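Peer 1:
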Amino acid sequence: MEHKTGIEDFYVIKNNKKLRMGYTTGSCAAGAAKAAAFMLLNHQSLEEVALVTPKGIELHLEVLDICREEERVSCAVRKDGGDDPDATNGILVCADVRKVSEPGIHIDGGKGVGRVTKPGLEQPVGNAAINRVPRMMIRQGIEETCEAAGYEGGISVVISVPEGEEVAKKTFNPRLGIMGGISVLGTSGIVEPMSEAALIRSIQVEMDMQKAAGARCLLITPGNYGQAFVKEQMHLDLDNAMKCSNFVGETIDMAVADELEGILFVAHIGKFIKVAGGIMNTHSRCADSRAELMAAFALRAGADLEQAKQILDTLTTEEAVTLLEKYGLKEKVMPLIIERIIYYLDHRAYGKLKLGLVLFSNEHGLLGMTDNVQELLEKIEG
22 MEHKTGIEDF
32 YVIKNNKKLR
42 MGYTTGSCAA
52 GAAKAAAFML
62 LNHQSLEEVA
72 LVTPKGIELH
82 LEVLDICREE
92 ERVSCAVRKD
102 GGDDPDATNG
112 ILVCADVRKV
122 SEPGIHIDGG
132 KGVGRVTKPG
142 LEQPVGNAAI
152 NRVPRMMIRQ
162 GIEETCEAAG
172 YEGGISVVIS
182 VPEGEEVAKK
192 TFNPRLGIMG
202 GISVLGTSGI
212 VEPMSEAALI
222 RSIQVEMDMQ
232 KAAGARCLLI
242 TPGNYGQAFV
252 KEQMHLDLDN
262 AMKCSNFVGE
272 TIDMAVADEL
282 EGILFVAHIG
292 KFIKVAGGIM
302 NTHSRCADSR
312 AELMAAFALR
322 AGADLEQAKQ
332 ILDTLTTEEA
342 VTLLEKYGLK
352 EKVMPLIIER
362 IIYYLDHRAY
372 GKLKLGLVLF
382 SNEHGLLGMT
392 DNVQELLEKI
402 EG
């Protein structure tokens with residue numbers, strides 16, 4: 022009979038699809054630690070552990086790989102990310118709990134849990150990459166178990182992830198300076214599939230790390246096309262670049278809040294033509310208008326009605342740029358687009374950031390840039 026965890030009936034709706042929720046590596050760590058502590062202090066086995074997540078959902082987690090000794094107990098909980106495409110889905114998160122002479126609850130990471138090597142992350146350099154909320158959940162579960170058992174001594178908890186080192190290669194951890202394994206994460210204990218909030222948090226984490234490393238200006242690309250252009254055409258080190266995905270507006274908001282000095286965006290016109298229309302989330306489900314904006318700028322640069330209609334009929338921005346070149350309008354249109362993009366970026370930043378742009382096309386290469394690119398690059402490269 023399949024084990025029921027209590028998360029089975031929780032869903033979110035994304036793009037008209039019903040996606041099942043899951044639970045975080047933090048919930049797994051807290052559940053395993055609580056179960057191990059119970060078995061250690063009560064000298065009995067446990068097949069299931071109850072855990073109330075910060076979101077208020079109670080989980081009933083199956084306890085696996087139990088190893089009981091007189092002074093220590095270890096066990097594991099398997100991660101279920103629901104319908105979220107997460108590299109950590111299905112991995113075991115283990116807890117080794119033992120009594121120690123030093124009072125209090127001592128939490129650390131073992132094999133497969135990363136170590137923080139760069140400043141600017143939630144945990145200080147040298148700490149295991151077990152974030153604040155999972156630490157709180159682990160501590161709370163251990164405290165409840167100790168109180169119920171009447172135990173007042175010290176407890177050591179070591180969280181490990183047997184597959185963590187390999188799985189971490191598929192995450193942002195190496196780039197963030199978290200070495201040797203995954204992070205134990207989660208602010209609510211529950212995974213909401215395809216969560217935009219989680220993606221934005223990951224951008225904030227990387228931005229905070231860049232700031233802590235001394236960066237005052239950032240080199241930002243929406244995605245892989247931009248990073249490839251930075252490396253192959255601008256010959257810059259990608260260590261100084263970060264991605265903002267579709268979240269242009271949120272990225273500017275975070276940079277302003279972090280009191281950074283500026284951002285140089287290196288962007289494909291297919292994404293940033295939308296910004297020229299004031300669209301700050303460039304995902305296609307939020308807005309498109311690429312052909313409409315390209316046609317509008319072409320008209321402003323002198324295109325006739327038939328040329329504008331042909332641009333409106335294009336399926337890709339690359340195709341529209343080809344038509345602009347054919348009509349002899351590309352050199353007139355691009356400065357207009359760049360000027361308008363900067364207008365909307367400045368508006369979002371309330372003038373509190375120096376903003377620059379390098380705009381390119383995969384087929385046509387560099388399309389244009391703002392006058393302050395070199396100045397921003399000198400600040401970025403230090």
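Sequential numbering of the sequence shown, starting at 22, is according to the working numbering.
From the three backbone atoms N, C-alpha and C, an ideal C-beta is built for every residue, glycine too.
Since the structure is predicted, the reported quantities are computational estimates derived from the model, not experimental observations.
(1) Using a Cβ-Cβ cutoff of less than 7 Å, which residues in the same chain neighbour K76 once the five nearest sequence positions on both sides are dropped?
(2) Sort G291, K295, G298, N261 by Cα distance to L285 and report the nearest one.
(3) If you draw a straight line from the C-alpha of L40 to the C-alpha of A50, how long is it?
(4) Exposed or buried, R306, counting other C-beta atoms within 10 Å across all chains shown (16 or more means buried)?
(5) What are the start and end residues of the alpha helix (DSSP H) that includes A276?
(6) Which whole runs of the alpha helix (DSSP H) in the region 149-195 are 4 residues long or more, in chain order?
(7) Leaving out five residues before and five after L398 in sequence, what residues of the same chain have Cβ atoms less than 7 Å from its Cβ?
(8) DSSP on Y1, reduced to helix/strand/coil?
(9) Secondary structure at H81, three-state DSSP: helix, strand or coil?
(10) Check for me: the beta strand (DSSP E) holding Q315 runs from which residue to which?
(11) Indicate whether the contact test is met: 3 or more Cβ pairs, each with one atom in the region 255-270 and one in the region 235-246, closer than 8 Å.
(12) May I ask which residues mark the beginning and end of the alpha helix (DSSP H) holding K353?
(13) Sort out for me which residues DSSP pairs L376 with in a bridge.
(14) Exposed or buried, R156, counting other C-beta atoms within 10 Å across all chains shown (16 or more means buried)?
(15) Does DSSP classify Y44 as helix, strand or coil?
(16) Measure the C-alpha to C-alpha separation of A16 and A116 and round it to an integer number of angstroms.
(17) Could you give the residue range of the beta strand (DSSP E) that holds E69?
(18) Out of L320, Q231, S382, point me to the one whose CA is closest to K139's CA.
(19) Report all residues from its chain with a CB closer than 6 Å to the CB of I221; omit the five preceding and five following residues, and keep chain order.
(20) By DSSP's criteria, G386 is part of a beta bridge. Which residues make up the other side?
(21) By Cβ distance, which residues of its chain are closer than 7 Å to M301, with the 5 residues on each side in sequence left out?
(22) Candidates G27, I290, A189, V118: which alpha carbon is nearest I163's?
(23) Grab me the residues of K191's own chain with a C-beta within less than 6 Å of its C-beta, minus the 5 sequence neighbours each way, in chain order.
(24) Whole angstroms is fine: what's the gap from E165's alpha carbon to G247's?
(25) Select from I112, L61, V33 the residue whose C-alpha is nearest the C-alpha of G175.
Peer 2: Reading off the structure:
(1) S209, G210, I211
(2) N261
(3) 24 Å
(4) exposed
(5) 269-278
(6) 153-170, 185-189
(7) L285
(8) Examination of residue 1 is not possible in this model, given that the chain is present from 22 through 403 alone.
(9) strand
(10) Looking at the sequence provided, one finds Met at residue 315 rather than Gln. Note, M315: premise wrong, no beta strand (DSSP E); alpha helix (DSSP H) at 311-321.
(11) yes
(12) 351-370
(13) I284
(14) buried
(15) strand
(16) Residue 16 is absent from the model: the chain starts at 22 and stops at 403.
(17) 69-73
(18) Q231
(19) F268, E271
(20) S382
(21) V269, G270, R369
(22) V118
(23) A108
(24) 50 Å
(25) L61
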